[in-house]
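Participant: The listed protein sequences derive, respectively, from chains A and B.
Its first residue numbered 18, the first sequence is counted upward by one per residue in our numbering.
Its first residue numbered 2, the second sequence is counted upward by one per residue in our numbering.
Glycine included, C-beta positions come from ideal geometry on N, C-alpha and C.
Mind having a look at this structure? Questions to follow.
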Amino acid sequence: MAVSGFEGFEKRLELHFFGDDPETFPLGLRKIDFESIQQVLEAVQCTVVSAVGNSYFDAYVLSE
Amino acid sequence: SSLFVYPTKIIIKTCGTTQLLKSIDPMIHFAHHLGLTLCSCRYTRGSFIFPKSQPFPHSSFKDEVTYLEDTIPSNLCYRKASIMPSKSSSHSWHVFTANDGSHNHSHMPYDNDIFTIEICMTELDPILARKFFRRDGDGKTGDSAGKEMTELTGINEINPNALICDFAFDPCGYSMNGMDGDWYSTIHVTPEDGFSYASFECVGSINDDIVHALRKVVQIFRPGTMSISTTWNEYNNEMLTKMAKAVEPLGLKCRSCVMDQFPAEANVVFQTFTARRK
Numbered sequence: 018m019a020v021s022g023f024e025g026f027e028k029r030l031e032l033h034f035f036g037d038d039p040e041t042f043p044l045g046l047r048k049i050d051f052e053s054i055q056q057v058l059e060a061v062q063c064t065v066v067s068a069v070g071n072s073y074f075d076a077y078v079l080s081e
Numbered sequence: 002s003s004l005f006v007y008p009t010k011i012i013i014k015t016c017g018t019t020q021l022l023k024s025i026d027p028m029i030h031f032a033h034h035l036g037l038t039l040c041s042c043r044y045t046r047g048s049f050i051f052p053k054s055q056p057f058p059h060s061s062f063k064d065e066v067t068y069l070e071d072t073i074p075s076n077l078c079y080r081k082a083s084i085m086p087s088k089s090s091s092h093s094w095h096v097f098t099a100n101d102g103s104h105n106h107s108h109m110p111y112d113n114d115i116f117t118i119e120i121c122m123t124e125l126d127p128i129l130a131r132k133f134f135r136r137d138g139d140g141k142t143g144d145s146a147g148k149e150m151t152e153l154t155g156i157n158e159i160n161p162n163a164l165i166c167d168f169a170f171d172p173c174g175y176s177m178n179g180m181d182g183d184w185y186s187t188i189h190v191t192p193e194d195g196f197s198y199a200s201f202e203c204v205g206s207i208n209d210d211i212v213h214a215l216r217k218v219v220q221i222f223r224p225g226t227m228s229i230s231t232t233w234n235e236y237n238n239e240m241l242t243k244m245a246k247a248v249e250p251l252g253l254k255c256r257s258c259v260m261d262q263f264p265a266e267a268n269v270v271f272q273t274f275t276a277r278r279k
């Protein structure tokens, strides 16, 4: 174990979805509310420390 | 660590002893409520520096694959797991992919001329790594200290068009996400001597100036060891040569290059480099 408890090498997961409901688009997964995002991150053991978005996607910097 | 949320895609990249794969179930659940169904999954990682510290399901690649196999829906039936080796037994690239085979992924993960590169760097130049330590009592927030590091290190010059969201951890460490239209980039840094590490990841097209980005990244960190994993639909040897030639003048020599093919026509090429001084 590192002195700092830190492991550099990341794990990376990419998930793609499809949907037939045009009402879901164009936002799609971006419609997931922040509380639900936090629930996902809780399972991973991370929290959001900073966030930004543009017209295409949302980006979150996470703890760890 | 970073999370990117697109209308039909999420990318989540975490370090430390996080349990990344546990995000799959809740993500499928929340997406389902929006009428969205999982059609493709890709999991990648390098070799852990401290593998024994990793909690289940990250205790081994075998455990990770078993967990993925058990968690993702059965409609994602085209599956493949692979460990791509390098010349060093301690440095391999681990890949798991799954997709449903019935959707046209060509417009989703990778258009033919669009690629994703994942760069992992260790043994960073200690003088350069020092820039990722906070100063005692700097009176700054994580955001403002991060902004200062972005400018001080030249990270803002990798893609001058990108909107950058950066954060400096206390006492050290740094993360940033870049946004340039619909393209993301991300950097994570652990600067501590002895287990220093930095990563750079971005999406780009063959027409982009990837040479400029690669050179900037190498100049910012001066790693002793670096790996580049490139994922795209069409194998492009010219592109790989271009990437190797970009970093060679900066003292890095290509030591290994392996390719593997995955479902949905994705090709992954894993190149490793070490500093000539080694």
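How far does the alpha helix (DSSP H) with alanine 60 of chain A in it reach, from first residue to last?
Facilitator: 51 to 61 is the extent of the alpha helix (DSSP H) around alanine 60 of chain A.
Participant: Residues of the stretch 213 to 224 of chain B with a CB closer than 7 Å to any CB of chain A: list them in chain order, please.
Facilitator: The residues in question: there are none.
Participant: Might you give, ordered along the chain, the residues of its own chain that have their beta carbon closer than 8 Å to the beta carbon of aspartate 64 of chain B, omitting 5 neighbours on each side?
Facilitator: Contacts found: Phe57, Pro58.
Participant: Within a Cβ cutoff of 7 Å, which residues of the same chain sit near valine 66 of chain B, ignoring the five residues on either side of it in sequence?
Facilitator: For valine 66 of chain B, where only same-chain residues beyond five positions count, the Cβ hits under 7 Å are Ala82, Phe97.
Participant: Does the structure place the stretch 182 to 192 of chain B close enough to the stretch 7 to 25 of chain B that three or more beta carbon pairs sit under 8 Å?
Facilitator: Taking 8 Å as the limit for Cβ pairs, the verdict is that the stretch 182 to 192 of chain B does touch the stretch 7 to 25 of chain B.
Participant: As a quick exercise: from A:Gly25, A:Arg29, A:Arg47, pick the residue whose alpha carbon is nearest that of asparagine 71 of chain A.
Facilitator: Minimum Cα distance to asparagine 71 of chain A is reached at A:Arg47.
Participant: Within the same chain, show all residues whose beta-carbon is closer than 7 Å to that of leucine 215 of chain B, passing over the 5 residues directly before and after it, in chain order.
Facilitator: Around leucine 215 of chain B: Met244, Ala247, Val248.
Participant: Using a Cβ cut-off of 8 Å (strictly closer), state whether histidine 108 of chain B contacts chain A.
Facilitator: In this prediction, histidine 108 of chain B scores a pLDDT of 44, lower than 50, which makes its location untrustworthy; the coordinate-derived value is nonetheless stated afterwards. No, histidine 108 of chain B lies away from the interface with chain A (no Cβ there is under 8 Å from its Cβ).
Participant: For isoleucine 156 of chain B, does the count of other Cβ atoms within 10 angstroms reach 16, so buried, or fall short, so exposed?
Facilitator: Result: buried.
Participant: To the nearest angstrom, how far is it from the Cα of serine 89 of chain B to the Cα of arginine 136 of chain B?
Facilitator: Roughly 36 Å between the two C-alpha positions.
Participant: From the beta carbon of leucine 129 of chain B, is the nearest beta carbon of chain A less than 8 Å away?
Facilitator: Leucine 129 of chain B does not count as touching chain A.
Participant: Between the stretch 118 to 126 of chain B and the stretch 192 to 211 of chain B, do three or more beta carbon pairs fall short of 8 Å?
Facilitator: Judged by Cβ distances under 8 Å, the stretch 118 to 126 of chain B makes contact with the stretch 192 to 211 of chain B, as three or more pairs qualify.
Participant: What is the residue span of the beta strand (DSSP E) that serine 176 of chain B lies within?
Facilitator: It spans 175 to 181 - the beta strand (DSSP E) in which serine 176 of chain B sits, taken as one unbroken run.
Participant: Quick one, are the C-beta atoms of threonine 187 of chain B and serine 3 of chain B less than 8 Å apart?
Facilitator: In contact: threonine 187 of chain B and serine 3 of chain B (Cβ atoms closer than 8 Å).
Participant: Among the residues of its own chain, which have a CB less than 7 Å from the CB of glutamate 344 of chain B, if the five just before and after it don't count?
Facilitator: Past the edges of chain B, shown from 2 to 279, lies residue 344 of chain B, and the structure says nothing about it.
Participant: Determine the direct distance from the alpha carbon of cysteine 255 of chain B to that of serine 87 of chain B, and round the result to whole angstroms.
Facilitator: Approximately 11 Å, taken between the alpha carbons.
Participant: Within a Cβ cutoff of 7 Å, which residues of the same chain sit near cysteine 173 of chain B, ignoring the five residues on either side of it in sequence?
Facilitator: Excluding residues within five positions, the ones whose Cβ falls inside 7 Å are Phe133, Phe134, Arg135, Pro192, Glu193.
Participant: Is it buried or exposed, lysine 23 of chain B, if we count other Cβ atoms within 10 angstroms and call 16 or more buried?
Facilitator: With 16 or more Cβ atoms within 10 Å of its Cβ, lysine 23 of chain B is classed as buried.
Participant: Going by DSSP in three states, tyrosine 7 of chain B sits in which element: helix, strand or coil?
Facilitator: Three-state DSSP puts tyrosine 7 of chain B in coil, outside helix and strand.
Participant: Count the other C-beta atoms from every protein chain shown that fall within 10 angstroms of the C-beta of tyrosine 236 of chain B, then say buried if there are 16 or more, exposed otherwise.
Facilitator: Exposed.
Participant: So what's arginine 43 of chain B in DSSP terms, helix, strand or just coil?
Facilitator: Three-state DSSP puts arginine 43 of chain B in a strand.
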